[in-house]
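A.B. asks: According to my numbering, the residues represented by the sequence shown are 67 to 751, in order.
A virtual CB, placed ideally from N, CA and C, is assigned to each residue, including glycine.
Small disclaimer: the values here were computed from a predicted structure and weren't measured.
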Amino acid sequence: MSKHFSNTGSKLLSADLILTALKEAFVKLNPAVMVRNPVMFTVEVGTVIMIALCIILAVSPDESQGGLFYNLLITIILFLTILFANFAESIAEARGKAQAESLRKTRQDTPANLILKDGSISKIMSSELKKGDVILISEGEIIPSDGEIIKGIATIDESAITGESAPVIREAGGDRSGVTGGTKVLSDRIKVLISIEKGESFLDKMIMLVEGASRQKTPNEIALSILLSGFTIMFLIVTVTLEPFGRYSETPIALASLIALFVCLIPTTIGGLLSAIGIAGMDRALKANVIAKSGKAVETAGDIDTLLLDKTGTITIGNRKATKFYALNGFDEKVFTNYCALSSMSDETPEGKSIIELAGKTQPEIYKTRTEDLKIFKFTAQTRMSGVDMKDGTQVRKGAFDVISKLISDNGEPVPDTMVSIVKNIAEDGGTPLAVAVNGKAAGVIQLEDIIKTGIQERFKRLRKMGVKTVMVTGDNPLTAKFIANAAGVDDYIAEAKPEDKMNYIIKEQQSGKLVAMMGDGTNDAPALAQADVGVSMNSGTQAAKDAGNMVDLDNDPTKLIEVVEIGKQLLITRGAVTTFSIANDVAKYFAIVPALFVLSIPGLQLLNIMNLSSPQSAILSAVIFNALIIPMLIPLALKGVAYKPVGAEKLLARNIFIYGLGGIIVPFIAIKLIDIILTLLGVI
């Protein structure tokens, strides 16, 4: 599927983005900005102390503090450490700003036809529209603002927003009444009720989100920040206590060495990449054309336990098709087929059209029937049936079996056992039976079938491996629901679902300690969307649904929730992986710096110099250089995310510990030794 963001920022680190991010990295050196990241703020404080020390040493050399050149190198590397951390956050933000600029080109001030109270039309600009205004939009015109169709039906080009070239149909009175500003009406004419105030459109919200203006830290991010701050305080205390220990052992420790030790031991890697990981997670959701109202929604999606999905359009292709006619009670098959088609003449639903199509295969003359010769009875939610009265007085009614069987019984006619048996068999086989009565007498059954989407079983298997329970929501009877649920491979189903049934199911799951996600597009879905931990509404849906959910899918793809769950899980896994790596690589830095600090006073510590580093100063410098370089080296991983595979939590933990835990120990040992060799060969130390 083509995406709106397919070209925007397609390169992970393009030259323009790098240049923009570098400029912003220097701006972020402002202490008022840095203090929001406690780990890196302490590194900045250490850098300032080192700058002051270098100035003092330039004026008054002090052998106990080491040479000016050595201290200057440490200072430069500490400064680069901060700059790299700022760059990581800035590059993630820069990608968002590039997307925002692309979106701004989509947003424009367009003419609008405002319908006044007296019915006349006033030409105004979209910037003048207010919530509650009603506008008229004709073929070829741009929709000036977000709203809901209150009259008419139209074909709309949404490619400016979604990137999808195929036009879509939007109409009043259903769950596909929502329209988005910036899209274009290709056919017909519609009246639209403006549903948002100026500056509150989804395009405006999207621009704000990708620019990071409204991004707040998520609960997990805040918790991790607190943990990292705790580590920082702990290592600060440890480092401070080493100075009097050095005096006691008659081995004074240079200030540069203490600051280097402190910076290397605190979790600077994850501290420098934490914000970038969070921003990149939001970025991936936006690239999937999903507007998340908060980072928390994306993050929560990664922890989802239960997922509610509509049957129609998600699990099945969306339209049931008539596949067979069953004539009963002595009715001729051709005559019955004709009655089925006539009763569907006014039925504009895909199911009604498929009945006429199936009948036309054997009786092409049906297509020539004049509807003006028929008295049409349209389907309503109250009657749950439709039909026609013919000129000769024949009455044909078609609808749900329970409604038609009551009609037959009320007319004093028996409901044939054969009809009951056929209806049951169709339902058990996953189909939908429609009963037909002629003049109050049972005439036969129409079989409608749901077509399960290709590959949906594999997607549900993938979710099951993630530990997510899938629940199908349908208005079908329990027998039909059970058949389709089994065929599709979902774990549970809600049959004959009403709005309160969805709500009750979500509440029940939440009371057992589970996180629940659901997708919906109608006003009747709003309570459940609001109750769910992750509620994804369709952009084409009603305003009530969009307001209730915490995500909006611009593509109106009912299967998008599966992708959102994977994005959330990838965000959590990436953060966990980098945290594991950050903490693990402290081991190598410990073996590099601690022996270097005390080997003169405690010769036995030479045993800990397992990397056989050339000198104490080279050991400290090598560790600090590695500590700085690892941040930019991990930026692509933070932005792209750790590859996610749907495996159990235990396997996932074992994989992370093996790759990023063990790797976090091995990589620094090798890298620090290589840096030490290079420094020695260059004669730097």
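ASP542 and ALA561 - do their beta-carbons sit closer together than 7 Å?
C.D. replies: Yes, Cβ-Cβ distance for ALA561 and ASP542 is below 7 Å.
A.B. asks: With 16 other CB atoms within 10 Å as the buried threshold, where does THR460 fall?
C.D. replies: THR460 should be labelled exposed.
A.B. asks: Spatial neighbours of SER684 within its chain, please: C-beta separation below 6 Å, excluding the five flanking residues on both sides.
C.D. replies: Around SER684: ASP742, LEU745 and ILE751.
A.B. asks: Report the rounded CA-to-CA distance for SER578 versus SER475, giving the unit in angstroms.
C.D. replies: Near 46 Å, if we compare the C-alpha coordinates of SER475 and SER578.
A.B. asks: Which whole-angstrom value describes the C-beta separation of ALA151 and LEU83, a residue pair presumed to lie in contact below a C-beta threshold of 8 Å?
C.D. replies: About 17 Å; that fails the 8 Å criterion.
A.B. asks: Between ALA501 and SER452, which are expected to be in contact by the criterion C-beta below 8 Å, what is the C-beta distance as a whole number of angstroms?
C.D. replies: Not really, about 12 Å apart at Cβ, beyond 8 Å.
A.B. asks: Compare the Cα-Cα distances from ALA563 to each of GLY555, THR546, GLN576 and ILE288 and report the closest residue.
C.D. replies: The residue with the shortest Cα to Cα distance from ALA563 is THR546.
A.B. asks: Name the DSSP bridge partner or partners of GLY601?
C.D. replies: Its beta-bridge partners are MET584.
A.B. asks: Can you check which of these residues, GLU207, GLN523, ALA594 and ASP455, is closest to VAL504 by C-alpha distance?
C.D. replies: When each option's Cα is compared against that of VAL504, the closest is ASP455.
A.B. asks: Which partner residues of ILE512 appear in the DSSP bridge assignment?
C.D. replies: Looking at the DSSP assignment, ILE512 forms a beta bridge with PHE391 and LEU500.
A.B. asks: Measuring straight from C-alpha to C-alpha, what distance separates ILE633 and ALA346?
C.D. replies: Answer to the nearest angstrom: the Cα atoms are 10 Å apart.
A.B. asks: Measuring only the C-alpha atoms, how far is LEU663 from GLU716?
C.D. replies: Straight-line Cα distance between these residues: approximately 40 Å.
A.B. asks: Run the CB neighbour count on LEU687, radius 10 Å, all protein chains shown included, and call it buried at 16 or more, exposed below.
C.D. replies: Buried is the call here.
A.B. asks: Check whether the stretch 723 to 740 touches the stretch 639 to 651, counting contact only when three or more Cβ pairs, one atom from each stretch, lie closer than 8 Å.
C.D. replies: In short, these stretches touch, since the Cβ pair count reaches three.
A.B. asks: Is DSSP giving VAL556 helix, strand or coil here?
C.D. replies: Note: VAL556 maps to coil in three-state DSSP.
A.B. asks: Pick helix, strand or coil for VAL631, following the three-state DSSP scheme.
C.D. replies: It is helical.
A.B. asks: Taking the Cβ atom as the reference point for each residue, do GLN609 and GLU214 lie within a distance shorter than 7 Å?
C.D. replies: Yes, the Cβ-Cβ distance between GLN609 and GLU214 is below 7 Å.
A.B. asks: How about VAL245 and ARG236: do their beta carbons lie closer than 7 Å?
C.D. replies: Yes, they are a contact pair.
A.B. asks: Please confirm if the stretch 594 to 614 is in contact with the stretch 385 to 396, defined as three or more CB-CB distances below 8 Å between the two stretches.
C.D. replies: No: fewer than three Cβ pairs fall under 8 Å.
A.B. asks: Using 8 Å as the cut-off, can you tell me whether the stretch 176 to 186 makes contact with the stretch 114 to 124, which would need three or more C-beta pairs spanning the two stretches below that distance?
C.D. replies: The stretch 176 to 186 is not in contact with the stretch 114 to 124.
A.B. asks: For a test of the three-state rule: what should DSSP assign to LEU718, helix, strand or coil?
C.D. replies: LEU718 falls in the helix class under three-state DSSP.
A.B. asks: Would you mind reading off the limits of the beta strand (DSSP E) that contains MET538?
C.D. replies: Counting along the chain, the beta strand (DSSP E) containing MET538 begins and ends at 535 to 539.
A.B. asks: Could you tell me which uninterrupted beta strand (DSSP E) segments, each at least 3 residues in length, are contained entirely in the stretch 439 to 474, listed from first to last along the chain?
C.D. replies: Entirely contained in the stretch 439 to 474, the beta strand (DSSP E) runs reaching 3 residues are, in chain order, 441 to 443, 451 to 455 and 461 to 465.
A.B. asks: Examine the Cβ distances between the stretch 654 to 661 and the stretch 323 to 335 and report whether three or more of them are shorter than 8 Å.
C.D. replies: Flag = yes, the stretch 654 to 661 and the stretch 323 to 335 touch.
A.B. asks: Taking 8 Å as the cut-off, does the stretch 256 to 263 touch the stretch 205 to 222 (at least 3 CB pairs, one atom from each stretch)?
C.D. replies: Counting Cβ pairs under 8 Å, three or more are found: they touch.
A.B. asks: Write down the C-beta distance between MET532 and LEU375 rounded to the nearest angstrom, noting that I regard them as a contact closer than 8 Å.
C.D. replies: With 8 Å as the limit, MET532 and LEU375 do not qualify as a contact, their Cβ atoms being about 15 Å apart.
A.B. asks: Can you tell me where the alpha helix (DSSP H) with GLU494 in it begins and where it stops?
C.D. replies: Counting along the chain, the alpha helix (DSSP H) containing GLU494 begins and ends at 483 to 494.
A.B. asks: Quick one: grab the DSSP three-state call for THR257.
C.D. replies: The amino acid at residue 257 is misidentified as Thr; the sequence shows Lys. Residue state, collapsed to three classes: strand.
A.B. asks: When DSSP labels each residue in this structure, what does GLY396 get in the three-state scheme?
C.D. replies: Three-state DSSP puts GLY396 in coil, outside helix and strand.
A.B. asks: Have a look at GLY132 and ALA320 and give me their C-alpha separation to the nearest angstrom.
C.D. replies: Whole-angstrom Cα-Cα distance: 7 Å.
A.B. asks: Candidates LEU331, ALA354 and ALA154: which alpha carbon is nearest ASP619's?
C.D. replies: Of the candidates LEU331, ALA354 and ALA154, the one whose C-alpha sits nearest the C-alpha of ASP619 is ALA354.
A.B. asks: Nearest by alpha-carbon distance to ASP516: which of ARG528, ALA342 and LYS548 is it?
C.D. replies: Residue LYS548 is the option with its Cα nearest to ASP516.
A.B. asks: Checking 7 Å against the spacing of the C-beta atoms, do PHE107 and MET116 come in under that value?
C.D. replies: It is not a contact, given that the beta carbons lie outside the stated cut-off.
A.B. asks: Opposite MET617 in the DSSP bridges: which residues?
C.D. replies: In DSSP, MET617 forms a bridge with ALA358 and VAL602.
A.B. asks: Give the range of the beta strand (DSSP E) segment to which GLU237 is assigned.
C.D. replies: Looking at the DSSP string, the run of the beta strand (DSSP E) that includes GLU237 is 234 to 237.
A.B. asks: Quick one: what's got a C-beta closer than 6 Å to ALA279's C-beta in the same chain, skipping five residues either side?
C.D. replies: Model confidence at ALA279 stands at a pLDDT of 44, short of 50, so the residue's coordinates are unreliable and nothing is read from them.
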